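One structure is given below, encoded as structure tokens.
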Amino acid sequence: MTEPNTMPLDGVRILDFTQVMLGPCATQMLADFGADVIKVERPGAGDLSRNFFGETSEAAMNNAVFSSLNRNKRSVEVDTKSDAGKQTIYDLVKVCDVVVDNFRAGVMDRLGFGYEDLKKVNPRIICASGTGFGEKGPYAHKGGQDVLAQAMSGVMEKTSDPSIPRSIYPTTLCDYTAGMHLVQGVLAALLMREKTGVGQKVGVSLYDSMIAMQMQEAAQWSKHREVLNWAAMPLTGVFDTTDGALVLVGAFKANPLRDICNALDIDDVSPQYPDLASQRKNKPFLQELFRKNFATNTTEHWLGRLEEQDLLCAPVRPLGDALDDPQTAMNDMLVDIDHPVLGQMTLVGSPVHLGDAPLKVRHAPPKLGEHTDEVLEELGLAAAKEDKVAI
106 MTEPNTMPLD
116 GVRILDFTQV
126 MLGPCATQML
136 ADFGADVIKV
146 ERPGAGDLSR
156 NFFGETSEAA
166 MNNAVFSSLN
176 RNKRSVEVDT
186 KSDAGKQTIY
196 DLVKVCDVVV
206 DNFRAGVMDR
216 LGFGYEDLKK
226 VNPRIICASG
236 TGFGEKGPYA
246 HKGGQDVLAQ
256 AMSGVMEKTS
266 DPSIPRSIYP
276 TTLCDYTAGM
286 HLVQGVLAAL
296 LMREKTGVGQ
306 KVGVSLYDSM
316 IAMQMQEAAQ
326 WSKHREVLNW
336 AAMPLTGVFD
346 TTDGALVLVG
356 AFKANPLRDI
366 CNALDIDDVS
376 PQYPDLASQR
386 KNKPFLQELF
396 RKNFATNTTE
406 HWLGRLEEQD
416 LLCAPVRPLG
426 DALDDPQTAM
436 NDMLVDIDHP
446 VLGQMTLVGS
456 PVHLGDAPLK
466 VRHAPPKLGE
476 HTDEVLEELG
486 LAAAKEDKVA
496 I
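Going by the numbering used here, the sequence shown opens with residue 106, and the numbers climb by one from there.
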């Protein structure tokens, strides 16, 4: 039986080459599950997120964006282009279980750290890569980035209304989704290694993750050549009130249009538009009817009225309000840390809650190269430091 507070990935060591978002959010979750994540960083520069804002002060190099993705990791500086540096990586691979990167396809191979190279060093090694578009095919060479994946996968093309210009989704939807798929792949490979005794290659991409997210839409298109757009349903929308806005989802009820009319205290128009086909055809009229009435009172007033009808609704609010919400605290979604450079700060916790293994912050987000000496000495590689491989 698992002892309380034993972390599920205790004893798993991960060599982390990742940068920016896709890879770091994956390795942070693995670290939160208890893995020893050793973050390999370029001497003097480190993860691209460290100088994301173009500054090189110590505070800037340990900024909030970098910190949000790199808790529970240890940082080592290694010159991976030097012969001695490469040997240090090979020595680390011998004592690691997983190597993770999110470079362009082929970069790890060119560095000499591809799966075919590393499995010769350690047959049990698992090499997990997150790319933009996959490791082969017409776009394999292309730099991967969240916004590009939104555009090329079909996600950006849809809007809730044809009159609304297409735009960039402002949160890193693709990076986070692919990062979580990378976590799944690593965990599955670790389980399989228990059966086979050998490692394997794991691959995910931003592009694939966005295609996968649209599984319902893709099936509808493939079978019926029909665009399925949940945001464009006739009884769903975002509506301004006198002091803000709310979102309404008119679905999953026998007659949601009747219930919306009751909430708005207007004549029931559902007999004129009794089914989805007629509601779709008359969506402009219905949306304008809702819009005109919601604009007459406050968000709180209308949420109360809608909830009386058991309609799906919520206020549209800024991130700060969500972070201050007692539900966020109740769900343990915020964690306070004492950062060695930035001082006290609050980070988003883990959305995966394990009853016997709650999140622990074992390491604050590391300073560049903070753990170089510690890791090399711990793993019996201290001589590498004397060769000035690690700085």
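Don't be surprised by glycine CBs; every beta carbon is placed ideally from N, CA and C.
Predicted model only: the values in this text are computed from it and were never measured.
Going by DSSP, residue 433 is part of no beta strand (DSSP E) but of the alpha helix (DSSP H) stretching over 431 to 435. Scanning its chain for C-beta atoms nearer than 6 Å, with the 5 sequence neighbours on each side dropped, one finds around residue 172 the residues 470, in chain order.
Within its own chain, the residues whose Cβ lies closer than 6 Å to the Cβ of residue 336, once the five positions on either side in sequence are excluded, are 265, listed in chain order. Here residue 451 carries a strand assignment [DSSP, helix/strand/coil]. Taking a contact to require three or more Cβ pairs closer than 8 Å, the stretch 228 to 246 and the stretch 207 to 217 qualify as touching. As computed with DSSP, residue 232 is found in a beta bridge with 204 and 306. Cβ contact annotation for residue 331 (same chain, cutoff 6 Å, sequence separation greater than five): 325, in chain order.
DSSP places residue 122 in the coil class of the three-state scheme, outside both helix and strand.
According to DSSP, residue 444 shares a beta bridge with 448. DSSP places residue 194 inside the alpha helix (DSSP H), whose first and last residues are 188 to 199.
With a threshold of 16 other beta carbon atoms within 10 Å, residue 138 meets it and is buried. Annotation: the continuous alpha helix (DSSP H) that includes residue 214 extends over 212 to 216. The three-state reading of DSSP puts residue 351 in strand, counting E and B together. The residue among 395, 119 and 296 with its C-alpha nearest the C-alpha of residue 194 is 119.
Taking one beta carbon from each stretch, the stretch 468 to 483 and the stretch 172 to 187 have 3 or more pairs nearer than 8 Å; the two touch.
Nearest neighbour of residue 114 by Cα position, chosen from 162, 292, 253 and 225, turns out to be 292.
The alpha-carbon of residue 423 is positioned some 14 Å away from that of residue 348.
Measuring C-alpha to C-alpha distances from residue 243 to each of 217, 312 and 308 identifies 312 as the nearest.
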